[in-house]
Amino acid sequence: MHHKIVALDAWNVLIPPNLLQLPGPHTYELISHTTQLTSAEDIQNAVRDATIVATTITPIQGTALDVNNTPNLQLIVAIAAGTDCIDTDRAAARGIKVVNCPNANTETVANHVLAMYFAGRRHLIRAHNTMLRTDEWPKKYSLTFALNDPEGRPPMTCRDETVGIVGYGAIGRRVAELCRALGMNVLVAARKGSAPASPDRAPFSQVLARSTVLVLCVPRGPDTLGLISAPELQAMPRHALLLNGDSPLLRVDAAEADVLNLVVTPHVAWCSTTTFYNYLQAFKRHVEDWCGRDVGVVESQ
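So the sequence shown is residues 18 to 318, counted in our numbering.
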């Protein structure tokens with residue numbers, strides 16, 4: 018069978034044209050879109066007649082999944098940790114298999130969490146802006162005040178920190194490993210509202226109260242959206258840092274946001290050479306296994 022593989026987000030994750038080695042008698046052509054498709058009509062036209070579609074953030078929904086538009090579509094690969102951009106119910110109703118690439122970004126996201134920790138604890142953005150946008154440096158030749166916490170104290174060091182981990186999957190475990198290697202004390206939180214299921218878990222409320230750094234590593238979902246809001250923020254120490262290592266889980270209104278000291282990054286925690294390599298290897302494995310499904314079909318994870 019000859020496959021038409023459409024890579025919708027080649028502008029984001031470029032698939033090399035010679036990446037795949039499909040088992041006979043399968044052959045393929047790869048059509049890569051190197052500019053972002055934003056309209057439903059453009060997406061619909063792009064996937065027409067495809068047998069396999071790869072997407073990272075471009076939505077595969079609505080008319081794009083209409084049998085009259087994609088009569089040959091059999092496999093959708095989300096080159097991402099999740100499948101939020103795909104109408105999985107509609108795909109399943111048509112017998113279209115949907116697979117994703119979990120854990121490809123574990124190391125990178127854990128690294129990014131530490132980068133946010135140091136930026137927040139050392140107030141690097143505030144120090145940078147103070148030095149470049151004010152006359153404080155030539156006047157005082159010292160900007161140590163820019164590193165102080167809300168109570169006027171200088172920054173803590175790693176060995177002074179107690180890090181609370183909320184969500185102990187692959188990313189949470191790796192964050193814990195890196196924090197312990199830096200000399201931090203690590204607490205792993207039990208589920209919110211539940212008693213600890215094992216001795217190595219601490220009650221959620223206790224983790225909030227004790228942590229000088231709280232790291233959220235749980236996926237977004239109905240049970241986790243709004244996991245942290247005003248009451249949880251008020252329960253944390255005043256000098257604590259809150260690091261969100263996964264999807265948006267905070268629910269804070271505008272008045273509360275005004276008092277927060279924020280370091281915001283534009284959904285780049287996943288980005289690294291390691292993640293790109295892992296994504297491509299996962300894509301390769303999914304497509305080759307699917308074409309050779311006598312060996313075994315890869316299910317959505």
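All C-beta atoms, glycine included, are put in the ideal place defined by N, C-alpha and C.
All figures in this text were calculated on a predicted structure; none of them were measured in a lab.
Work out the CA separation of residue 25 and residue 79 for me, nearest whole Å. The sequence position of residue 79 within the sequence shown is 62, counting from 1. The sequence position of residue 25 within the sequence shown is 8, counting from 1. If you take the alpha carbons of residue 79 and residue 25, they lie about 16 Å apart.
Cβ neighbours of residue 82 in the same chain (closer than 8 Å, five flanking residues each side left out): Working through the sequence shown from its first residue, we reach residue 82 at position 65. Excluding positions up to five away in sequence, the list reads 90, 104, 107, 108, 111 and 113.
CB contact flag (residue 68, residue 30, <8 Å): As a first step, residue 68 is located in the sequence shown; it is residue number 51 there, counting from the start. As a first step, residue 30 is located in the sequence shown; it is residue number 13 there, counting from the start. Their beta carbons are not under 8 Å apart, which means residue 68 does not touch residue 30 by this criterion.
Consult DSSP for residue 85 and reduce its assignment to one of helix, strand or coil. Here residue 85 corresponds to residue number 68 of the sequence shown, with the count starting at 1. Residue state, collapsed to three classes: coil.
So the beta strand (DSSP E) residue 47 belongs to, where does it begin and stop? Within the sequence shown, numbered from 1, the residue matching residue 47 stands at position 30. Taken as a continuous stretch (DSSP letters only), the beta strand (DSSP E) holding residue 47 covers 44-49.
When 178, 148, 18 and 200 are compared against residue 138, the one with the closest alpha-carbon: By 1-based counting over the sequence shown, the position of residue 138 is 121. Minimum Cα distance to residue 138 is reached at 178.
Taking only three categories from DSSP, how would you classify residue 140? Stepping through the sequence shown from its first residue, residue 140 is reached at position 123. Coil at residue 140, not helix or strand.
Does the beta-carbon distance from residue 232 to residue 136 come in below 8 Å? Stepping through the sequence shown from its first residue, residue 232 is reached at position 215. Stepping through the sequence shown from its first residue, residue 136 is reached at position 119. In this structure, residue 136 does not lie closer than 8 Å to residue 232 by Cβ.
Beta bridge counterpart(s) of residue 202 as assigned by DSSP: Here the question's residue 202 lines up with position 185 in the sequence shown. Residue 202 pairs with 179.
Give a yes or no on contact between the stretch 225-240 and the stretch 191-210, applying the rule of three or more CB pairs nearer than 8 Å. yes
Which of helix, strand or coil does DSSP assign to residue 122? Residue numbering aside, residue 122 sits at position 105 when the sequence shown is read from its first letter. Correct three-state label for residue 122: coil.
Residue burial classification, residue 285 (beta-carbon count within 10 angstroms, cutoff 16): Position 268 of the sequence shown, counted from the start, is the residue given in the question as residue 285. Classification for residue 285: exposed.
With a threshold of 6 Å on Cβ separation, who are the neighbours of residue 184 within its own chain once the five nearest residues in sequence on each side are excluded? For the purposes of this step, residue 184 is identified with residue 167 of the sequence shown, where counting begins at 1. Excluding sequence neighbours, residue 184 sits near 234 and 235.
Could you name the residues that DSSP lists as bridge partners for residue 20? Indexing the sequence shown from 1 puts residue 20 at position 3. Answer is 45.
Would you kindly work out how many angstroms separate the C-alpha atoms of residue 193 and residue 259, rounded to a whole number? Numbered from its first residue, the sequence shown carries residue 193 at position 176. Numbered from its first residue, the sequence shown carries residue 259 at position 242. Spanning the two alpha carbons is a distance of roughly 15 Å.
Hey, quick one: how far does the alpha helix (DSSP H) through residue 52 stretch, first residue to last? For this step, residue 52 is matched to residue 35 along the sequence shown. Segment: none, residue 52 is in no alpha helix (DSSP H) and carries neither H nor E.
May I have the straight-line CA-CA distance separating residue 154 from residue 282, to the nearest angstrom? Counting from 1 along the sequence shown, the entry for residue 154 is found at position 137. Counting from 1 along the sequence shown, the entry for residue 282 is found at position 265. Cα to Cα, the separation comes out at about 27 Å.
Beta-carbon proximity list for residue 253, same chain, < 8 Å, skipping 5 on both sides: Indexing the sequence shown from 1 puts residue 253 at position 236. Once the five neighbours on either side are set aside, the close Cβ partners of residue 253 are 225, 226, 228, 231 and 259.
Determine, using beta carbons only, whether residue 170 comes closer than 8 Å to chain C. Looking for chain C here will not work: only one protein chain is present.
Suppose the cutoff is 7 Å on Cβ atoms and the five residues either side in sequence are ignored; what does the same chain contact list for residue 292 look like? Reading the sequence shown from its first residue, position 275 is the one you call residue 292. Once the five neighbours on either side are set aside, the close Cβ partners of residue 292 are 121, 122 and 125.
Simplified DSSP assignment, three categories, for residue 113: Here the question's residue 113 lines up with position 96 in the sequence shown. Looking at residue 113 - three-state DSSP - the assignment turns out to be coil, as it is neither helix nor strand.
Evaluate residue 191 with the Cβ neighbour count: other Cβ atoms within 10 Å of its Cβ, from every protein chain shown; 16 or more gives buried, anything less gives exposed. As a working note, residue 191 is residue 174 in the sequence shown. With 16 or more Cβ atoms within 10 Å of its Cβ, residue 191 is classed as buried.
In this structure, does DSSP put residue 72 in helix, strand or coil? Here the question's residue 72 lines up with position 55 in the sequence shown. Strand at residue 72.
Alpha carbon to alpha carbon, how far is residue 36 from residue 75? Translated into positions along the sequence shown, residue 36 becomes position 19. Translated into positions along the sequence shown, residue 75 becomes position 58. Using only the alpha carbons, I get a separation of about 22 Å.
Rounded to whole angstroms, what's the CA-CA distance from residue 271 to residue 58? Just pull it up for me. In the sequence shown, the residue the question calls residue 271 occupies position 254. In the sequence shown, the residue the question calls residue 58 occupies position 41. In this predicted model, residue 271 has a pLDDT of only 48, less than 50, meaning its place in the structure is not dependable enough to derive any value.
Which listed residue (237, 92, 159 and 101) has its alpha carbon closest to that of residue 64: Taking the sequence shown and counting its residues from 1, the one referred to as residue 64 is at position 47. Residue 64 has its Cα closest to that of 92, out of 237, 92, 159 and 101.
Within a Cβ cutoff of 6 Å, which residues of the same chain sit near residue 172, ignoring the five residues on either side of it in sequence? For the purposes of this step, residue 172 is identified with residue 155 of the sequence shown, where counting begins at 1. Excluding positions up to five away in sequence, the list reads 138, 139 and 164.
Would you list the residues sitting across from residue 95 in a DSSP beta bridge? Translated into the one-based positions of the sequence shown, residue 95 becomes position 78. DSSP output for residue 95 lists 72 as bridge partner(s).
With distances taken between CB atoms, is the gap from residue 131 to residue 54 smaller than 8 Å? Within the sequence shown, the letter at position 114 stands for residue 131. Within the sequence shown, the letter at position 37 stands for residue 54. Cβ distance not < 8 Å, so residue 131 and residue 54 don't count as in contact.
C-alpha distance - residue 206 paired with residue 97, whole-angstrom precision: For the purposes of this step, residue 206 is taken as residue 189 along the sequence shown, with counting starting at 1. For the purposes of this step, residue 97 is taken as residue 80 along the sequence shown, with counting starting at 1. Answer to the nearest angstrom: the Cα atoms are 26 Å apart.
Is residue 221 buried or exposed, if buried means 16 or more other CB atoms sit within 10 Å of its CB? Along the sequence shown, read from residue 1 onward, the residue named residue 221 stands at position 204. The residue in question, residue 221, is buried, as its Cβ has 16 or more Cβ neighbours within 10 Å.
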